[in-house]
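For the sequence shown, numbering that gives the first Met the number 0 gives the first residue as 0, with consecutive numbering after it.
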Amino acid sequence: MLVSERIGQFFIANHTGQDRLEYTEYGGGDRWVVLLHGQLMPRRMQQPLARALASQGLHVVTLDLLGHGRSDRPADPLVYSMTSFAEQVLALLDHLGVEKAVVGGLSLGANVSLEVASNWPDRVQGLIIEMPVLNNALHAGILAFVPLMFAARYLPWTVSSVRALTRPIPRGVVPFWVGIGLDTLDQRPASVAAVIHGVIFGRVAPQANQRRTIQAPALVVGHPRDPIHPFADAEMLAEELPNAEFVAARSIVEWRTRPERLDAIAAEFALACWDGTPTATRRRTRT
0 MLVSERIGQF FIANHTGQDR LEYTEYGGGD RWVVLLHGQL MPRRMQQPLA RALASQGLHV
60 VTLDLLGHGR SDRPADPLVY SMTSFAEQVL ALLDHLGVEK AVVGGLSLGA NVSLEVASNW
120 PDRVQGLIIE MPVLNNALHA GILAFVPLMF AARYLPWTVS SVRALTRPIP RGVVPFWVGI
180 GLDTLDQRPA SVAAVIHGVI FGRVAPQANQ RRTIQAPALV VGHPRDPIHP FADAEMLAEE
240 LPNAEFVAAR SIVEWRTRPE RLDAIAAEFA LACWDGTPTA TRRRTRT
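Pasting the structure below:
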């Protein structure tokens with residue numbers, strides 16, 4: 000089923016002026032879903048899921064958070080934090096005139112979704128959380144991103160050289176996920192250092208006692224054998240959230256390479272958030 004797609008933009012204020020954020024809408028109607036990307040990745044990575052959900056009658060929006068994709072990329076670490084990313088989601092809802100939405104994403108996007116639900120519970124109809132980054136991910140996250148931050152800060156030519164090699168490759172002639180990888184490598188040294196600095200040295204996610212107060216229905220998806228997004232973190236989060244359903248992905252790449260099963264579960268969940276009682280309120284686990 001073909002769905003309509005529209006690109007839009009809005010502006011948010013910061014301590015130095017205004018920043019531009021870009022988003023894409025899929026489908027229409029009043030059953031809203033906001034999907035967020037992983038760290039340093041573009042919103043286009045959520046395009047397959049957005050199209051799948053929109054084909055089921057949901058109105059889906061994907062957003063490039065500040066410092067990502069086609070949104071502005073300031074080089075100031077002070078503008079990057081989980082709270083500021085969550086505020087950008089709230090600004091998106093206000094810009095679209097949306098009272099409530101199912102909010103979700105993976106990795107960074109998962110944590111931002113939790114931040115939205117913790118701070119503005121009245122704006123969240125449900126949560127779709129894939130690969131949250133919590134207690135057990137600390138060491139792997141530091142090993143993965145701190146060297147990149149230092150390289151971008153003190154050896155900026157390394158990031159610029161990769162960008163110079165990958166940027167000219169036409170995205171339309173390579174497989175979709177290769178294109179997403181190329182877009183992820185299309186970074187500017189100052190902004191990528193600022194993003195990582197702001198995320199790592201700020202609040203990574205709401206604390207456990209705050210997560211336990213989130214009442215929104217939640218679908219939590221965990222990946223096996225994923226050191227940066229440990230399965231244990233996803234299981235722990237599903238136990239903490241009062242109205243959570245836990246789904247175990249069959250592999251770390253299932254939702255990217257064979258998405259049909261997880262797309263169907265996500266669509267069922269999001270529709271139930273709007274139309275009835277989500278299965279999450281019965282706290283079940285799927286494998």
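Each residue gets a CB set at the ideal place from its N, CA and C atoms; glycine is no exception.
### Message
Can you tell me whether T280 is helix, strand or coil according to DSSP?
### Response
The predicted position of T280 is uncertain, since its pLDDT is 47 and thus under 50; no value can be drawn from it.
### Message
By the three-class DSSP mapping on this structure, what secondary structure does V97 have?
### Response
In the three-state reduction of the DSSP assignment, V97 falls in the coil class.
### Query
What residues match up with E114 in a beta bridge as DSSP calls it?
Bridge pairing for E114: absent [DSSP].
### Query
Taking all protein chains shown into account, do 16 or more other C-beta atoms lie within 10 angstroms of the C-beta of G275, making it buried, or fewer, making it exposed?
Within a 10 Å sphere around the beta-carbon of G275 sit fewer than 16 other beta-carbons, which makes this residue exposed.
#### Entry: Any 3 or more C-beta pairs closer than 8 Å across the region 215-223 and the region 173-193
Between the region 215-223 and the region 173-193 there are fewer than three C-beta pairs closer than 8 Å, too few to call the two in contact.
### Neighbour-count burial assignment, E114, 16 or more Cβ in a 10 Å radius
Flag for E114 reads buried.
### Message
Please give the ranges of any alpha helix (DSSP H) in the region 188-259, keeping only runs that are unbroken, at least 4 residues long and fully inside the region.
### Response
Counting only runs of at least 4 residues, the region 188-259 fully encloses the following alpha helix (DSSP H) elements, listed from N- to C-terminal order: 188-199, 207-210, 230-239 and 253-256.
### Task
Using 10 angstroms around the beta-carbon of N208, count the other beta-carbons present and answer buried if the total reaches 16, otherwise exposed.
Exposed, because fewer than 16 other Cβ atoms sit within 10 Å of the Cβ of N208.
### Task
Assign G16 to buried or exposed, taking buried as 16 or more other Cβ atoms, counted over all protein chains shown, within 10 Å of its Cβ.
Taking a 10 Å sphere around the C-beta of G16, we find fewer than 16 other C-beta atoms and assign the residue as exposed.
### Message
Contact criterion: CB-CB distance below 8 Å. Does N134 meet it with respect to chain D?
### Response
The chain inventory of the structure shown lacks chain D, comprising one protein chain alone.
### Task
List the DSSP bridge partners of F10.
The partner list for F10 (beta bridge, DSSP) reads R19.
### Query
Using DSSP with H/G/I as helix, E/B as strand and the rest coil, what is Q55?
In this structure, Q55 counts as coil in the three-state DSSP scheme.
### Query
Residues in its own chain within less than 6 Å of E21 by CB, not counting five upstream and five downstream?
Contacts found: Q8, D63, R69 and S70.
### the region 71-84 contacting the region 41-56, beta-carbon criterion three pairs below 8 Å
No: fewer than three Cβ pairs fall under 8 Å.
### Query
Whose CA, out of G178, V161 and Y153, lies closest to the CA of P169?
Closest option to P169, Cα to Cα, is G178.
### Message
Whole angstroms are fine: how far does the CA of G66 sit from the CA of I289?
### Response
Since the first and last residues shown for the chain are 0 and 286, residue 289 lies out of range.
### Helix, strand or coil at L294 [DSSP, three-state]
Since the first residue shown for the chain is 0 and the last is 286, residue 294 is missing from the structure and cannot be characterised.
### Message
Closest to N118 by C-alpha separation, out of Y153, L95, F10 and M81, would be which residue?
### Response
Ranking Y153, L95, F10 and M81 by CA distance to the CA of N118 puts M81 first.
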